[in-house]
Structure formats: C-alpha cells, structure tokens
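Chains as they are written, first to last, in this note's numbering: chain A, 8 to 270; chain B, 8 to 270; chain C, 8 to 270.
Glycine included, C-beta positions come from ideal geometry on N, C-alpha and C.
See structure below.
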Amino acid sequence: MQKDVLENLQAMRQKSPLVHCITNLVVMQVNANILLAVGASPIMAHAQEELEDLVKIINALVLNIGTLDKHMIASMNVAGDFANKYKKPVVLDPVGAGASRLRTETALSILRTIKPCIIRGNGSEIMALAGEIGETKGVDSTKDSLEVVDEAKQLAKTFQTVVSVSGEVDMITDGTRVAYVHGGNPLMTLVTGIGCSATAVTAACMAVAKNPFIGAVSAMALFASAGEKAGKKCQGPGSFLSYFIDELYNADYEDAAKRVTLG
Amino acid sequence: MQKDVLENLQAMRQKSPLVHCITNLVVMQVNANILLAVGASPIMAHAQEELEDLVKIINALVLNIGTLDKHMIASMNVAGDFANKYKKPVVLDPVGAGASRLRTETALSILRTIKPCIIRGNGSEIMALAGEIGETKGVDSTKDSLEVVDEAKQLAKTFQTVVSVSGEVDMITDGTRVAYVHGGNPLMTLVTGIGCSATAVTAACMAVAKNPFIGAVSAMALFASAGEKAGKKCQGPGSFLSYFIDELYNADYEDAAKRVTLG
Amino acid sequence: MQKDVLENLQAMRQKSPLVHCITNLVVMQVNANILLAVGASPIMAHAQEELEDLVKIINALVLNIGTLDKHMIASMNVAGDFANKYKKPVVLDPVGAGASRLRTETALSILRTIKPCIIRGNGSEIMALAGEIGETKGVDSTKDSLEVVDEAKQLAKTFQTVVSVSGEVDMITDGTRVAYVHGGNPLMTLVTGIGCSATAVTAACMAVAKNPFIGAVSAMALFASAGEKAGKKCQGPGSFLSYFIDELYNADYEDAAKRVTLG
Chain A
8 MQKDVLENLQ AMRQKSPLVH CITNLVVMQV NANILLAVGA SPIMAHAQEE LEDLVKIINA
68 LVLNIGTLDK HMIASMNVAG DFANKYKKPV VLDPVGAGAS RLRTETALSI LRTIKPCIIR
128 GNGSEIMALA GEIGETKGVD STKDSLEVVD EAKQLAKTFQ TVVSVSGEVD MITDGTRVAY
188 VHGGNPLMTL VTGIGCSATA VTAACMAVAK NPFIGAVSAM ALFASAGEKA GKKCQGPGSF
248 LSYFIDELYN ADYEDAAKRV TLG
Chain B
8 MQKDVLENLQ AMRQKSPLVH CITNLVVMQV NANILLAVGA SPIMAHAQEE LEDLVKIINA
68 LVLNIGTLDK HMIASMNVAG DFANKYKKPV VLDPVGAGAS RLRTETALSI LRTIKPCIIR
128 GNGSEIMALA GEIGETKGVD STKDSLEVVD EAKQLAKTFQ TVVSVSGEVD MITDGTRVAY
188 VHGGNPLMTL VTGIGCSATA VTAACMAVAK NPFIGAVSAM ALFASAGEKA GKKCQGPGSF
248 LSYFIDELYN ADYEDAAKRV TLG
Chain C
8 MQKDVLENLQ AMRQKSPLVH CITNLVVMQV NANILLAVGA SPIMAHAQEE LEDLVKIINA
68 LVLNIGTLDK HMIASMNVAG DFANKYKKPV VLDPVGAGAS RLRTETALSI LRTIKPCIIR
128 GNGSEIMALA GEIGETKGVD STKDSLEVVD EAKQLAKTFQ TVVSVSGEVD MITDGTRVAY
188 VHGGNPLMTL VTGIGCSATA VTAACMAVAK NPFIGAVSAM ALFASAGEKA GKKCQGPGSF
248 LSYFIDELYN ADYEDAAKRV TLG
C-alpha cells in the first residue's frame, strides 16, 4: 500500500493531470493554488455551452456542492454525464450535506446518477449521507472520522464507491478495506478550503491511480505530511496556509507514504 | 464599556457562533478565513431553496452588497426575512453605496424592510446612505469616519440601528452614544476584504452580545488590536494579511478592549 | 522607451486609477489585492443595472473570460459598450481561448465589437485567437511567448490593438514594434491569478499611459521586477504570493524600466 501511494504521488506530479473543478465560490482560489502546488493543473468552468469541449480534455472532474444553486446543480449534472461518456473519473465533495435538505438531496442525486468513484467529506457529511441524522454544524464537522467507519463502509458499498473522510486521523474505505492516514495539524480545520482542496488533489491523484482506493489514500497522505510540517513552522492559520502550500510544492512523497496504515 | 467588550470577545470565541454570509464574490475566502481565525464558524450560501433550513441553525446573518445582482438581492431578501422570523441578528455592509443607484437603493431597501441591527461601512458609504452626496470612489472611502459622526447618528436614529464606521479611528454610534476605537494600520485599506471581514466578525460578536452597540464596538476593537500588531511585523500588504490572521487567532482581548473610548 | 515606462508607473501610483474588473471567480481576490498593492483602486461589479453608473466613474475596464457564462458575457458586452461610449480603455484577457469554442468565440466577438486597446494573454491563447490550432492545455500555456511573435503581430494588426504575451520573456507588440521584458520567476505560473492580475495592472497602467503599447509594457515590467525579487525570497508558491504582493507595494520603478528592450 505504501509503495502504491508513493508511485501514485510521483505519477501525479510527473503527468500533471488537468483537474476540472465545479466548486464553491469560497474556495476556488485556494483549490487552484493547491492543485498547482502539487503539480496538477486546474480549470474552473461551469457554462453548459463549453462543458463537453472541456470534459474531453480533462483528466478528472470535481463536483463540490459548497455554494450550490440550481444553475450550479445543472452544470454539475451536465459535466458529470459528459465525464461518464468520456470515461473521466468524478470525485464528489458533499459540502454541508446534512445542513440543508437541498445539500443532502443534491449529493445523493449525484451519487445515484453520476456515480462518482470517490466521495470525500468530513464525518458529519458522511453521517448525513449514510442516513443517520448528522449533528452537522454549518459546513464544519462535529463527527470525527473514526466515529463513522461503519457508516462510511455502508455508503461505499451502497454506491460502489470509495469514501474518504478527513479527521484527526483520516479514514478511507472501499466498503471492505479501511486505510488510515496519520499526521496533519488541527489548523487545517481553521483555513477555509483545505478540505475542498483535499478533494481536488484526490481527483488529481485519481487521474493517474491504479484504483480509486489508492488515489484517495494518496491525496490524504500528501496532505497529512505537508500539514504536519507546516504546522510546526507557523504562528497561526494565516501563516499556516502559506507554509502548507510551500510544503505541498516541496513534497516529501516517502514521508507521505509512511503515514498510511491498513486497518 | 471596556469590560463589556472583553466579555463579548471571550464569549464569541467560547460559543463559536455560526455566521451566515451572503457576501460578495471577491471576499468570500478571506471572510471565511477570518471568521475561523477569531473562533467563529462561517457558512456561505445563497440558494433560496435552502435558506430557511440554514437560517434556523445560524447565529447571525451578514448581508454584503459588494457584487450584488438581482439573484443575490433576492437571496438577501429571503434570508433576511427568515432571519427576522427566527430572531437571528442581521448586519448590513453597504459596499459601494453611493457609487451606483443600484447599491444605494438596495442598501436602503434592506434597511427599511429587513431592519438590520448594525450597519457597518466606511465614511463614504455612510454619507451616501445618510442622504448626502458622497464623493465615493469605487468601493474605497474618501470620507474619514470622524467626518461623518452627525450623518452616522442620524442614520442610526432613522433606522433604529447601530452604525459602525471604519477609519483611522473607528466610530460606532447607536444614535445617542458614540464610541471610538484606536489602533489598526493603514495597510488594512490595502487588503481587499478586511472591511467586509470586520462586518462578518461584527456579526459573530453580535451573536453573543448584550446589545448591538457592544457587539459592533467589540469587533472593531479586535481588528484594531490585531491590525496594529500585524502592521509592525509586515513588509507590505501581502505579508500583512498573513500576520493579521495569525494575530486574530492569537488575539489579546485585554489589549483590544483598552482601545475603546466613549465620546 | 524605458523613460516612458518609468513615467507611466509613477503616474499610475500617483493617480490611483479606478479599475473595473469583470473577471473570473477564481482570481477576484488576488486581482483586487494586487491592484491595491500597486496603487490602483479595484471595483468588481457585473449587474447590468449599475454598469453605466460605474463605467462613468472608472478609469479602465478589464474583461476576463476565465469563468464565463451567458450572464457574464452579457455583462461584459454591456460594460464594454459603455466603456466605448464614455471613452474608457478596455483590456481583454482571453483566458482559456482555444480550450473551448465558447471561449475562443467570446474573445473574438469582444475583439470585433468592443475593440479593446490591449489583449493580454499567454502564448496558447494568442495562438488560438490568431487562428492557429493552439495546443492549449486547460488555462495554462504550452506555447512560449517567443514562439508566437508572428501570430501576435498579425492579431495586433487585424484588430488594431496591442498584444501582450506573458512567458519566460514577456513579448508585447502593436503589430509593428516589439518589446521584450526580462525577469520574473517560474513560480509566477504556479500561483493562480498572477496572469489575470497582470491584465488588471495593464489596465491600471493604460489608464494613465501615453499609448496602449507603453501601458502594456509598463505593467509587465513591474511584474518582472517584483516577481524576480519575490522569487529570491520565497520557499515555494505559497510564500511567493505574499512576497510578490509586498514587492509590488514596495516597487522599484527604475529596476522595472530597465527590464525592457525593443526588438
């Protein structure tokens, strides 16, 4: 597993996948900066008139419902259908699922119709999608990743997907296997868009991965390594972001791979 | 007053209010990062289909007209009505009022129908809303806060609200009392979204405040303290933002409270 | 030429032009921060109801198609028409031209109807607009500026405009003369919005320039100087952005002017 992660991260930087993000308005800039820092190439676009042209040339698609509205939902559905037509992997970030019916239902609808190969969220979002009543507080998580292992496995099985849950220890499952990723820093929850950027980097890793499970684990391993190092240098969340992007750029893939254990 | 400010800031971090921002596209990221740094929790959402669900769980609502259009205005009105229904405080940032009729009229319409408990803006915006012909230049201010004390008092009385005006010395009035906040740094006007973030933090303070006057003063005191400290460390507006967020995170509430005087 | 650049940059900071950006959702914050750092004043607005009010008071208009959709295209056309009516210069950034028909056609339509005085893009975008089949990869460039000199000249002549192309060496042409700008740092391509911000600063310089050629060269000279200095201080793209904004704020205009040569 650690060898697979190492190779996945090296391949991601070498091939520089083009990741198309239909994502929320809050995190577009930091998502693009983090994709560039890890060696991938970002494109943000939502006009239905250009989605087929773009999906043809991309290597992975991110659907992030963080500031969804009916126009964005329509764009996500069109882009998702083209991604399936052109066999490009789709990663879903169900931001705020559980906080409103619109978010929960949109995420479930994407799971049913677009069939993303990875869902990447926090504990509360995964709980909400798994049918539990999540005690979601806004878009932050009140459930730790390790509290939702059973729900994540169930969700993965139901939708034949991989579920990647960030937390103090990240937890990734394909419904059978469970991987854990150790590291990071609590400040990662105090900078907006770090979670959404983990989703974008998951898509970048997925674009060159043997399978979605390895792709999902690789991205979280890279974030755990860079986050832990940045956390030791910073004086707060402002300087953390700057150091974190630098650490992603100067990434130590062997350190990242060592952070993975199988449960 | 200083004791009230100290207690308000401590309560804000302890209770971590969920602040819903319907805000402009330029500042969403920095608003979210600054809310997280001060200990609050941000949510950005504008889809009318989810506004009731979300307003039920939030602790305060920010309406910021910085990149308004008819869709955003409609969302602000719906969210504002729900905020009144569910008794959640509303803070208005009339960005660019005076620069276009659309902005001035939208801000006045929100004041009349939603009745926010605090208006937070710069001198030019307050002049424009008070019926004077503001020499507004874009969304920056050409009027200092201390030049608009009478207009701010009048505006506060007319709409039974608190008016909080940023400037070299910040000035806050409920129509009768006037508070001044000393500190900050001129670079705060050279980083986009610092003013809008002061509005967001005003909403966070308001969510746990004895009254809007104290809430409004507390937020400006926190910014004045952190801004002054960051200004001493930075080499320009790029590094200022990073230091400023760190200083907000490591805030010294006693230093903040000492910056307040009553006029 | 170097003296013209020096005077243009000094005039830009002294007059603080108000630059109206109808730009993409990814870069709004960094564009605003960089305009403020160089001494200009930004405004972002797209509501058709306020475009005439605003275009009357601005000094230059940027049209950037990075996250275009039919609403944004309509706003760009309305704002462009008002800019022509009120004789305000327009600068076009054809982000991603060549990556989709929508982008290529929208850029060409703006060139034909709004007639911007400067097009600022990367090599692939200029190739696509010049009718070559650009090997565009997303919104990043796969063509260096020096590979597209002939196409840029042709484009400039066809549309009677100036074409400014970023690259390892920046290249600017009015169809006859060609200027080169030396400096910068490769990390400038790994921070989202640096190119779009070069466009915004081009508009700020244009607002006070003798002619579009000098305006376009001046902005690239300023970026080359600040980028080279920031690149020597940073540890990666995260800290680069912070240093770059500081260097723009503390700009050395004589160093900037010396980076220009005529071909």
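Whose Cβ in chain C lies nearer than 8 Å to the Cβ of residue i?
{"i": "A205(A)", "result": "Residues of chain C passing the Cβ test: none, with the nearest at roughly 16 Å."}
{"i": "F251(A)", "result": "G245"}
{"i": "L32(B)", "result": "L32, M35, M51"}
{"i": "A264(A)", "result": "Within chain C, no residue comes near A264(A); the closest Cβ sits about 21 Å away, beyond 8 Å."}
Quick one: Cα of residue i to Cα of residue j, how far?
{"i": "I140(A)", "j": "I72(A)", "result": "In this prediction, I140(A) has a pLDDT of 46, which is less than 50 and means its spatial position is unreliable; what the coordinates show is noted afterwards. About 19 Å."}
{"i": "L194(C)", "j": "A223(C)", "result": "21 Å"}
{"i": "E272(C)", "j": "E254(C)", "result": "This structure does not reach residue 272(C), given that chain C is present from 8 up to 270, and the question cannot be answered."}
{"i": "L70(C)", "j": "Q9(A)", "result": "47 Å"}
{"i": "K144(B)", "j": "V26(C)", "result": "The pLDDT assigned to K144(B) is 48, lower than 50, so where the model puts this residue is not dependable, and the model offers no usable value."}
{"i": "V33(A)", "j": "T74(A)", "result": "8 Å"}
{"i": "Y250(C)", "j": "L42(C)", "result": "15 Å"}
{"i": "A114(C)", "j": "V98(C)", "result": "11 Å"}
{"i": "Q167(B)", "j": "P101(B)", "result": "16 Å"}
{"i": "Q36(A)", "j": "M35(C)", "result": "9 Å"}
{"i": "D259(C)", "j": "A81(C)", "result": "39 Å"}
{"i": "I125(C)", "j": "M83(B)", "result": "37 Å"}
{"i": "L162(A)", "j": "T111(C)", "result": "42 Å"}
{"i": "A231(C)", "j": "Q55(B)", "result": "45 Å"}
{"i": "I252(B)", "j": "G245(B)", "result": "12 Å"}
{"i": "N91(B)", "j": "G182(B)", "result": "22 Å"}
{"i": "S116(C)", "j": "R127(C)", "result": "16 Å"}
{"i": "T196(C)", "j": "P123(B)", "result": "44 Å"}
{"i": "A226(B)", "j": "T209(B)", "result": "5 Å"}
Can you find the residues in the same chain that come closer than 7 Å, C-beta to C-beta, to residue i, ignoring five residues on each side of it along the sequence?
{"i": "A228(A)", "result": "V12, V188, A263, A264, R266, V267"}
{"i": "V215(B)", "result": "N15, A18, M19, K22, P24"}
{"i": "F247(A)", "result": "L194, V198, A237, G238, C241"}
{"i": "I38(A)", "result": "Before going on, a small fix: residue 38(A) reads as Asn here, not Ile. Excluding sequence neighbours, N38(A) sits near C28, T30, P49, G200, C203, S204, A207."}
{"i": "D151(A)", "result": "G130, G174, E175"}
Can you name, in chain order, every residue of its own chain whose Cβ lies under 6 Å from the Cβ of residue i, other than the five neighbours on each side?
{"i": "E142(C)", "result": "Only weak support exists for where E142(C) lies, its pLDDT of 45 falling under 50; the coordinates are left without a value."}
So does residue i have its beta carbon nearer than 6 Å to some heavy atom of the ligand ADP?
{"i": "A39(C)", "result": "Absent from the structure shown: the ligand ADP. Ligands present: none."}
Do residue j and residue i count as a contact pair if the criterion is CB distance below 7 Å?
{"i": "T180(A)", "j": "K160(A)", "result": "yes"}
{"i": "S171(A)", "j": "N129(A)", "result": "no"}
{"i": "I121(A)", "j": "E158(A)", "result": "no"}
{"i": "V62(C)", "j": "F89(C)", "result": "yes"}
{"i": "P219(A)", "j": "V169(A)", "result": "yes"}
{"i": "K95(A)", "j": "L118(A)", "result": "no"}
{"i": "G234(B)", "j": "G191(B)", "result": "yes"}
{"i": "A104(B)", "j": "L153(B)", "result": "no"}
{"i": "A211(B)", "j": "A106(B)", "result": "no"}
{"i": "G270(B)", "j": "V185(B)", "result": "yes"}
What residues of chain A sit near residue i, judged by a beta carbon separation below 7 Å?
{"i": "L248(B)", "result": "G245"}
{"i": "N40(B)", "result": "V198, T199, P244"}
If the cut is a Cβ gap below 8 Å, which residues of chain B does residue i touch?
{"i": "Y256(C)", "result": "L197, G243, P244, G245"}
{"i": "L153(C)", "result": "Near L153(C) there are no residues of chain B at all, since even the closest Cβ is about 30 Å away, more than 8 Å."}
Which residues in the same chain as residue i place their Cβ atom closer than 8 Å to its Cβ, once the five residues preceding and following it in sequence are excluded?
{"i": "A52(B)", "result": "H27, I29, L58, L61"}
{"i": "L109(C)", "result": "L75"}
{"i": "G243(B)", "result": "L194"}
{"i": "K217(C)", "result": "D11, N15"}
{"i": "H78(A)", "result": "H53"}
So which residues on chain A does residue i lean against when the C-beta distance must stay under 8 Å?
{"i": "A44(B)", "result": "L197, G243, P244, G245"}
(message) Can you pull out the residues from the region 53–78 of chain B whose beta carbon lies closer than 9 Å to at least one beta carbon of chain A?
(response) Among the residues of the region 53–78 of chain B, those with a Cβ less than 9 Å away from any Cβ of chain A are H53, A54, Q55, E56, E57, L58, E59, D60, L61, I64, I65, H78, in the order of the chain.
(message) For the region 172–192 of chain C, list every residue whose C-beta sits within 8 Å of some C-beta in chain B, in sequence order.
(response) Across the region 172–192 of chain C, no CB contact with chain B closer than 8 Å is found for any residue.
(message) Output needed in chain order: residues of the region 81–110 of chain B with a Cβ under 8 Å from some Cβ in chain C.
(response) Residues G103, A106, S107, R108, L109, R110.
(request) Output, in sequence order along the chain, the residues in the region 197–230 of chain A whose CB is closer than 9 Å to any CB in chain B. (result) Along the region 197–230 of chain A, going in chain order, the ones with a CB nearer than 9 Å to a CB of chain B are L197, V198, T199, G200.
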